[in-house]
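For reference, the structure is listed below as structure tokens.
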Amino acid sequence: MDPIGVVRSPFTETSQIPKGCGAEHRAEGVLEIEPRFEAGLADIEGFSHLYVIWLFHRATGYDLIAHPPTDEKRPHGVFATRSPRRPNAIGLTVVELLRREGAKLFVRGVDMLDGTPILDIKPYLSSVPADELRRGWLAEAEQRKAR
768 MDPIGVVRSP FTETSQIPKG CGAEHRAEGV LEIEPRFEAG LADIEGFSHL
818 YVIWLFHRAT GYDLIAHPPT DEKRPHGVFA TRSPRRPNAI GLTVVELLRR
868 EGAKLFVRGV DMLDGTPILD IKPYLSSVPA DELRRGWLAE AEQRKAR
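Its first residue numbered 768, the sequence shown is counted upward by one per residue in the numbering used here.
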């Protein structure tokens, strides 16, 4: 895959990124798209939120069982987590689009490291009603933490 740009983020180390139950991703950043791909941003300003597909560029190897901090280190299959140690080190984040300036998208909600390669951007569209969404083991972990 050929990255289309990089993330500019306040985070230089993974330990700086909020994690765990109740973590809020409110940090602002910039998606810097390479000039050769700028034409692909036409009309993106009309969307409030975007999917950003990116590469866990510092991750090495993978584990099929992950121990997320949000669930007291209980094991879960890697595909049921957001662990960076995956067979294909691809990340997905939904960000709020604040504004566009040429090939730069100013966004809120980054949870990526500064310099993270961006693989793709898509408008966030969801047709799933909130009352039909399930949060799996994460909902159970959040309930345990609330007690």
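Yeah, the Cβ is synthetic: ideal placement off N, Cα and C, and Gly gets one too.
Here's the rule I'm using: 16 or more other beta-carbon atoms within 10 Å means buried, otherwise exposed. How should residue i be labelled?
i    : result
M879 : buried
V895 : exposed
G876 : buried
T848 : buried
L900 : exposed
I771 : buried
T779 : exposed
G813 : exposed
Using DSSP with H/G/I as helix, E/B as strand and the rest coil, what is residue i?
i    : result
K840 : coil
A794 : coil
P835 : coil
V895 : coil
I811 : helix
K912 : helix
P785 : coil
P851 : coil
Pull the bridge partners of residue i from the DSSP assignment, please.
i    : result
V862 : L817
P884 : V773
R901 : R901 is not bridged to any residue.
V874 : G796, L864
Practice task
May I ask you to verify whether the region 799-817 touches the region 864-876, counting CB pairs closer than 8 Å and requiring at least 3?
Solution key: yes
Exercise for the section: Please confirm if the region 829-844 is in contact with the region 903-913, defined as three or more CB-CB distances below 8 Å between the two stretches. Expected result: yes
Problem - Meets three-Cβ-pair contact criterion under 8 Å: the region 848-859 and the region 819-829 - result: yes
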